[in-house]
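Here the protein sequences come in this chain order: A and B.
Here this note's numbering runs 21 ahead of the position in the first sequence, where the first position is 1.
Here this note's numbering runs 21 ahead of the position in the second sequence, where the first position is 1.
First the structure, in the form of C-alpha cells, and then the observations on it.
2 protein chains.
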Amino acid sequence: MSVEVIGVEGLPIIQPGDNLAQLIAEKIRFKDGDILCVASSVYSKSVGNIRHLSTITPTEEAIRIAGNTHEDPAFVQAVLDASEEIIIDAPFILSLLRSGHIGVRAGVDHSNVEDGIIILLPEDPMAAASSLREEILADTGINVRVILTDTCGRAFRRGQTGHAIGWSGMTAIRDFRGDHDLFGHELLITEEAVVDEIAGFANFMMGESNKGVPAVIFRNMEVWKGHDMLYFKEKEDLIREALRECRENRLV
Amino acid sequence: MSVEVIGVEGLPIIQPGDNLAQLIAEKIRFKDGDILCVASSVYSKSVGNIRHLSTITPTEEAIRIAGNTHEDPAFVQAVLDASEEIIIDAPFILSLLRSGHIGVRAGVDHSNVEDGIIILLPEDPMAAASSLREEILADTGINVRVILTDTCGRAFRRGQTGHAIGWSGMTAIRDFRGDHDLFGHELLITEEAVVDEIAGFANFMMGESNKGVPAVIFRNMEVWKGHDMLYFKEKEDLIREALRECRENRLV
C-alpha cells in the first residue's frame with residue numbers, strides 16, 4: 022500500500038484571469054482518481070478574488086479593532102467584510118465565514134501577493150473545488166478529485182497546519198460507524214476528517230515562503246465513504262461557545 | 022519533488038513484550054532519512070503501558086465525572102490518573118498530560134485491544150520516539166526519523182485527525198522566521214507544525230477499524246530547521262483559558 026505525493030513545480034506566479042486548471046495540467050500528467058490539492062490563495066488570485074487596500078474605507082468598528090490587533094484598519098475592514106460572525110476580536114480576529122469555516126483574520130492573506138493587495142478566501146470554496154475539477158476534466162478527460170487548502174492555527178498547539186476549506190469528488194469525513202476493531206468491538210472513534218489530513222500534508226509539500234509550489238497531487242489514493250458535515254453545528258461547538266462567553270463576560 | 026508514503030502491512034497484533042522496532046524492520050526495508058510514523062497505542066501496548074480495568078478502584082471524583090460522561094468509573098479513573106490537569110470534565114474529559122499534549126480522555130484507548138484492557142499514551146512520548154529510532158539504528162544500521170501519532174479531535178471542526186505526540190530526528194515546527202515570500206515581503210506565517218501535518222496523513226494511511234496498519238513510512242522527505250515548542254505555554258493559550266473560565270464560572 023503506497024501513495025505518491027507530487028509537488029507541481031514550475032508554475033508561474035498566478036495572476037487574475039489566469040486559467041489555473043490549465044496551467045496545472047500543463048505541468049503534470051494527471052491520472053484518474055488523483056487528488057489535487059491547491060492553495061486557496063492561489064485559486065482566489067486566479068479568479069480575481071482580491072481587494073486593493075487603498076480602495077477600502079474602514080468603519081469605526083474596524084478602526085477600534087485595528088487598535089487592539091495592531092493591524093491596518095483597511096485590512097481589518099476586509100476581514101470584517103469577509104466574516105459572517107466575529108467570535109473574538111482581540112488579540113486577533115477569529116471569525117465564522119459563510120462557508121462554515123472558522124479562521125483567524127477570515128483567512129485574508131497578504132503574503133505572496135503584490136504590495137497593497139489582499140487575497141480573500143473563495144466565497145464558495147465547495148463550488149470553487151468543483152469548478153477546478155470540472156475544468157480539469159474538460160481540459161484533459163481525466164477525473165481528478167480536488168481539495169482547496171488554507172493554512173490555519175489550532176487549539177492548544179502552536180504553529181499553522183493546512184486545512185481543507187473546499188473539496189470535490191470525495192467526502193470530507195471518512196465514516197467508520199458500524200465498523201469493528203481488530204477484536205470485534207464497535208469503534209468509538211468513527212469519524213475521521215480525512216480532507217484535513219490530506220490538506221495538512223499537501224501544505225507540508227507546498228511549504229510557505231518562496232518555494233512557489235501551490236499545487237500537490239496525491240496518487241493511488243483509496244476511495245472512502247462518509248459525509249460532508251465537517252463543521253460543528255453551533256450547539257455542538259464547545260470551544261466556540263466558551264470563546265463567545267468569555268468575550269461577552271468581558272463586555273459586561 | 023515527490024514523496025512516497027508506504028503503509029507497513031502484515032504486522033501481527035502487537036503484544037506486551039514484543040520488539041516493535043524489529044517487527045517493523047522485518048516488514049519494510051528502511052532507507053536513511055525515512056520518517057517512520059507509529060500509532061502511539063501500538064507502541065504503548067508493546068512496552069506494556071496498559072491497565073486492566075478490573076484492577077482500578079475509582080475515587081468519588083471519578084464516579085461523579087463518570088455520571089456526567091456516561092463512562093465506566095474505572096475508565097474515568099485511568100483518565101484522571103494519566104492527567105496533569107483536568108481542563109473540562111463534561112460532556113467529556115479534556116486534560117493536559119505531563120508531556121504537554123492536551124487531549125480528550127487523556128488519549129486512553131480501548132479500541133483494538135482485548136476486553137477489559139485499556140492502553141495509555143506513552144508517559145514520555147519524546148523518549149519513546151527516540152528509543153524506537155535508536156532500536157531501528159541498532160537493528161538495521163539505518164538512521165530513520167520517528168513520529169508517534171495519536172488520533173484527536175479539533176476545535177470548530179468535526180472528526181478526528183492524527184496528531185504528533187512524540188518525535189525524534191526532526192523538529193516539530195518548521196520555522197520560516199526571516200524568510201521572504203515570492204514578492205520579497207517578510208512572512209507573516211512563520212511557524213508550520215509539520216510533525217502534525219505528517220502525523221495526520223500517516224493516520225489517513227493507517228485507517229481506523231480493522232485494517233491493522235499501525236506504521237507508515239514517508240520516503241524522500243526533506244530536512245528542515247525549526248524548534249520543538251509545539252505546545253502553547255499556558256499564558257499564550259486563549260482557548261484553554263476560555264474553557265477554564267467557563268468551567269469556573271459554572272462551579273460558582
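Each residue gets a CB set at the ideal place from its N, CA and C atoms; glycine is no exception.
Remember, it's a predicted structure, so these values are computed and weren't measured experimentally.
{"Item": "Counting Cβ pairs, one atom from each stretch, are 3 or more of them under 8 Å apart for the segment 64-73 of chain B and the segment 262-272 of chain B?", "Value": "no"}
{"Item": "So does the segment 42-49 of chain B actually touch the segment 120-127 of chain B, counting three or more Cβ pairs closer than 8 Å?", "Value": "no"}
{"Item": "What does the alpha-carbon distance come out to for the pair Ile238 (chain B) and Leu57 (chain B)?", "Value": "5 Å"}
{"Item": "Give the residues of chain A in contact with Cys58 (chain B), contact being defined as C-beta atoms less than 7 Å apart.", "Value": "Neighbours of Cys58 (chain B) on chain A: none; closest Cβ ~11 Å, over 7 Å."}
{"Item": "For Ala150 (chain B) versus Ala127 (chain B), is the C-beta spacing smaller than 7 Å?", "Value": "no"}
{"Item": "Ordered along the chain, which non-local residues of its own chain (more than five positions away) have a Cβ less than 6 Å from that of Ser189 (chain B)?", "Value": "Ala150, Ser151, Arg154 and Val167"}
{"Item": "Please list, in chain order, the residues of the segment 255-270 of chain B that have any C-beta partner in chain A closer than 8 Å.", "Value": "Glu257, Asp258, Leu259, Ile260, Arg261, Glu262, Ala263, Leu264, Glu266, Cys267 and Asn270"}
{"Item": "Within the same chain, show all residues whose beta-carbon is closer than 7 Å to that of Ser196 (chain B), passing over the 5 residues directly before and after it, in chain order.", "Value": "According to the sequence displayed, residue 196 (chain B) carries Asp and not Ser. Answer for Asp196 (chain B): Thr211, Glu212, Lys246, Gly247 and His248, listed in chain order."}
{"Item": "I want to verify the contact list: residues of chain B whose CB lies under 9 Å from the CB of Tyr252 (chain A), in sequence order.", "Value": "Phe177, Arg178 and Arg179"}
{"Item": "Just to confirm my understanding: we take Glu207 (chain A), look at its own chain, exclude 5 residues before and 5 after, and list those with CB closer than 7 Å. What are they?", "Value": "His201"}
{"Item": "Give the secondary structure of Glu92 (chain B) by DSSP, where H, G and I count as helix, E and B as strand, and everything else as coil.", "Value": "coil"}
{"Item": "Per DSSP, what kind of secondary structure is Leu32 (chain A) in: helix, strand or coil?", "Value": "coil"}
{"Item": "Across which residues does DSSP place Asp136 (chain A) in a beta bridge pair?", "Value": "For Asp136 (chain A), which the question treats as bridged, DSSP gives no partner whatsoever."}
{"Item": "Considering just the uninterrupted stretch of the alpha helix (DSSP H) at Thr161 (chain A), what are its terminal residues?", "Value": "Pro146 to Thr161"}
{"Item": "Would a check of beta-carbon distances place Leu203 (chain A) closer than 7 Å to chain B?", "Value": "yes"}
{"Item": "Tell me the rounded alpha-carbon separation between Val273 (chain B) and Pro112 (chain B).", "Value": "A caution first: Val273 (chain B) carries a pLDDT of 45, below 50, which makes its placement in the model unreliable, though a value can still be read off. One C-alpha to the other measures close to 18 Å."}
{"Item": "Identify which residue in B:Ser75, B:Val100, B:Ile109 and B:Thr76 has its Cα closest to the Cα of Ala83 (chain B).", "Value": "B:Val100"}
{"Item": "Report the three-state DSSP secondary structure of Val216 (chain B) (helix, strand or coil).", "Value": "helix"}
{"Item": "How would you list, in chain order, the residues of chain B whose beta-carbon sits under 8 Å from the beta-carbon of Met22 (chain A)?", "Value": "Ile27, Gly28, Glu30, Met226 and Val234"}
{"Item": "Is the beta carbon of Asn241 (chain A) sitting closer than 7 Å to the one on Gly183 (chain A)?", "Value": "no"}
{"Item": "Just the C-alpha distance for Pro37 (chain B) and Gly69 (chain B), rounded to the nearest angstrom, thanks.", "Value": "5 Å"}
{"Item": "According to the Cβ coordinates, are Ile108 (chain A) and Leu264 (chain A) closer than 7 Å?", "Value": "yes"}
{"Item": "Beta-carbon of Ala149 (chain A) versus every beta-carbon of chain B: anything under 7 Å?", "Value": "no"}
{"Item": "Based on Cα-Cα distance, which residue from B:Ser132, B:Gly205, B:Glu105 and B:Cys173 lies nearest to Asp136 (chain A)?", "Value": "B:Gly205"}
{"Item": "Once DSSP output is grouped into helix, strand and coil, what is the label at Leu264 (chain A)?", "Value": "helix"}
{"Item": "Please confirm whether Val273 (chain B) has its beta-carbon closer than 7 Å to some beta-carbon of chain A.", "Value": "Bear in mind that a pLDDT of 45 at Val273 (chain B), under 50, signals an unreliable position, so the model cannot answer this."}
{"Item": "Less than 7 Å between C-beta atoms, sequence neighbours within five positions excluded: which residues of the same chain meet that for Ser75 (chain B)?", "Value": "Gly137"}
{"Item": "Classify Ile84 (chain B) as helix, strand or coil using the three-state DSSP reduction.", "Value": "helix"}
{"Item": "Does the CB of Thr182 (chain B) have a neighbour CB from chain A at under 7 Å?", "Value": "yes"}
{"Item": "Would you identify the three-state DSSP class for Arg126 (chain A), choosing helix, strand or coil?", "Value": "helix"}
{"Item": "Check whether the Cβ atoms of Ala221 (chain A) and Glu255 (chain B) sit closer than 7 Å, and answer yes or no.", "Value": "Looking at the sequence provided, one finds Gly at residue 221 (chain A) rather than Ala. Their beta carbons are not under 7 Å apart, which means Gly221 (chain A) does not touch Glu255 (chain B) by this criterion."}
{"Item": "Give me the residue from A:Asp145, A:Ile45, A:Glu81 and A:Met22 with the minimum Cα distance to Gly28 (chain A).", "Value": "A:Ile45"}
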